[in-house]
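Report on the following structure.
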Amino acid sequence: MKDLRFLCCTHCPTSLPGSVSSEKLFPEPERFLYCDGASKGNPGPASIGAVVYGEDPEAPDSSGATELMQISKAIGNATNNIAEYRSLIEGLKAIEKDLGREFELARIHIRMDSQLVVRQILGQYKVKNEKLKPLFEQCKALLKKAAAFDALHIPRERNKRADALANEALKS
Numbered sequence: 024m025k026d027l028r029f030l031c032c033t034h035c036p037t038s039l040p041g042s043v044s045s046e047k048l049f050p051e052p053e054r055f056l057y058c059d060g061a062s063k064g065n066p067g068p069a070s071i072g073a074v075v076y077g078e079d080p081e082a083p084d085s086s087g088a089t090e091l092m093q094i095s096k097a098i099g100n101a102t103n104n105i106a107e108y109r110s111l112i113e114g115l116k117a118i119e120k121d122l123g124r125e126f127e128l129a130r131i132h133i134r135m136d137s138q139l140v141v142r143q144i145l146g147q148y149k150v151k152n153e154k155l156k157p158l159f160e161q162c163k164a165l166l167k168k169a170a171a172f173d174a175l176h177i178p179r180e181r182n183k184r185a186d187a188l189a190n191e192a193l194k195s
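Below is the structure:
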């Protein structure tokens, strides 16, 4: 628990009496970003899908989290990995735009079925493909602006909504 502090003078921080938590007074915004990319032909016609929730849609006590935003968009010809990165970038940009200055306080929870992208943004895999490097750098720059993030590789079955949005855009 974080202590709420105030300054009694310019150099001696003092805790407020009692156990006041700044987390309870000023909760950081949390966003759960589920994203997916699709490509027919690899490379070929490609699209992205993303869904943003304000709470964990998979939490045991969740009675169906509300979708705050969704993205479904064709992106031209691309590989599946480029489409996966583009879905993450578009999702992060949408969250940043929605939260405005509060994005700096946000905790972003990323859920993707692309093991490659998840492991690369977590620093577990190196980005060797030259075409992915600028997309990786763009993701890292966006994520640096947020207070915190985590990323999980999830099975396709748990990413159905983002997958459906990506495939919907591919058919259009």
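Add 23 to a position in the sequence shown, counting from 1, and you land on the number used in the numbering used here. Every residue, glycine too, gets a C-beta built ideally from N, C-alpha and C. The structure presented is a predicted model; accordingly, all values stated were derived computationally and were not measured.
**Asked** Taking C-beta to C-beta, are D136 and D59 nearer than 8 Å?
**Response** Within the sequence shown, the letter at position 113 stands for residue 136. Within the sequence shown, the letter at position 36 stands for residue 59. In this structure, D59 lies closer than 8 Å to D136 by Cβ.
**Item:** Span of the beta strand (DSSP E), counted from its first residue to its last, around E191
**Value:** By 1-based counting over the sequence shown, the position of residue 191 is 168. E191 -> not in any beta strand (DSSP E); alpha helix (DSSP H) instead, spanning 183–194.
**Request:** Go through its chain and collect everything with a Cβ distance to N152's Cβ below 8 Å, but skip five positions before and after it.
**Result:** Position 129 of the sequence shown holds residue 152. Closer than 8 Å at Cβ, skipping near neighbours: N104.
**Prompt:** Can you round the beta-carbon distance between L193 and P68 to whole angstroms, since I take them to be within the 8 Å contact cut?
**Reply:** Here residue 193 corresponds to residue number 170 of the sequence shown, with the count starting at 1. Here residue 68 corresponds to residue number 45 of the sequence shown, with the count starting at 1. 6 Å between Cβ atoms; contact.
**Prompt:** Cβ atoms of L188 and A101: under 8 Å apart, would you say?
**Reply:** Your numbering for residue 101 matches position 78 in the sequence shown. Your numbering for residue 188 matches position 165 in the sequence shown. Taking 8 Å as the Cβ cut-off, A101 and L188 do not qualify as a contacting pair.
**Prompt:** Roughly how many angstroms lie between the CA atoms of E127 and Q147, to the nearest whole one?
**Reply:** Residue numbering aside, residue 127 sits at position 104 when the sequence shown is read from its first letter. Residue numbering aside, residue 147 sits at position 124 when the sequence shown is read from its first letter. C-alpha separation (whole angstroms): 24 Å.
**Asked** So A170 and A129 are in contact, right, with Cβ under 8 Å, and what is the actual spacing, rounded?
**Response** For the purposes of this step, residue 170 is taken as the residue at position 147 of the sequence shown. For the purposes of this step, residue 129 is taken as the residue at position 106 of the sequence shown. So it is a contact: roughly 6 Å between Cβ atoms.
**Prompt:** Between N65, E81, F55, which lies nearest to E180 when the distance is taken from Cα to Cα?
**Reply:** Against the sequence shown, residue 180 aligns to sequence position 157. Nearest option by C-alpha distance: E81.
**Asked** According to the neighbour-count rule (16 or more other Cβ atoms, all chains shown, within 10 Å of its Cβ), is R124 buried or exposed?
**Response** Numbered from its first residue, the sequence shown carries residue 124 at position 101. Per the 10 Å Cβ criterion, exposed.
**Message:** Considering only DSSP beta bridges, list what I133 is partnered with.
**Reply:** Walking along the sequence shown from the start, residue 133 turns up at place 110. Answer is L56, A174, bridged to I133.
**Message:** Less than 7 Å between C-beta atoms, sequence neighbours within five positions excluded: which residues of the same chain meet that for P66?
**Reply:** Mapped onto the sequence shown, residue 66 falls at position 43. Excluding sequence neighbours, P66 sits near N100, A101, T102.
**Message:** I'd like the span of the alpha helix (DSSP H) that includes A117, first residue to last.
**Reply:** Position 94 of the sequence shown, counted from the start, is the residue given in the question as residue 117. Run containing A117: 103–122, per the alpha helix (DSSP H) assignment.
**Item:** Closest residue to K116 among H176, K149, E51, L158 (Cα-Cα distance)
**Value:** For the purposes of this step, residue 116 is identified with residue 93 of the sequence shown, where counting begins at 1. That would be L158, whose Cα lies nearest to the Cα of K116.
**Item:** For L128, the three-state DSSP class (helix, strand or coil)
**Value:** Stepping through the sequence shown from its first residue, residue 128 is reached at position 105. It is helical.
**Message:** Quick check on the burial criterion: 16 or more other C-beta atoms within 10 angstroms. Buried or exposed for Q143?
**Reply:** Looking up residue 143 in the sequence shown gives position 120. That one is buried.
**Message:** Among A106, R134, M92, whose alpha-carbon lies nearest the alpha-carbon of I118?
**Reply:** Here residue 118 refers to the residue found at position 95 when the sequence shown is read from its first residue. When each option's Cα is compared against that of I118, the closest is M92.
**Item:** Own chain residues within Cβ distance below 6 Å of F55, not counting five before or after
**Value:** For the purposes of this step, residue 55 is identified with residue 32 of the sequence shown, where counting begins at 1. Cβ within range, chain order: Y76, D79, H132.
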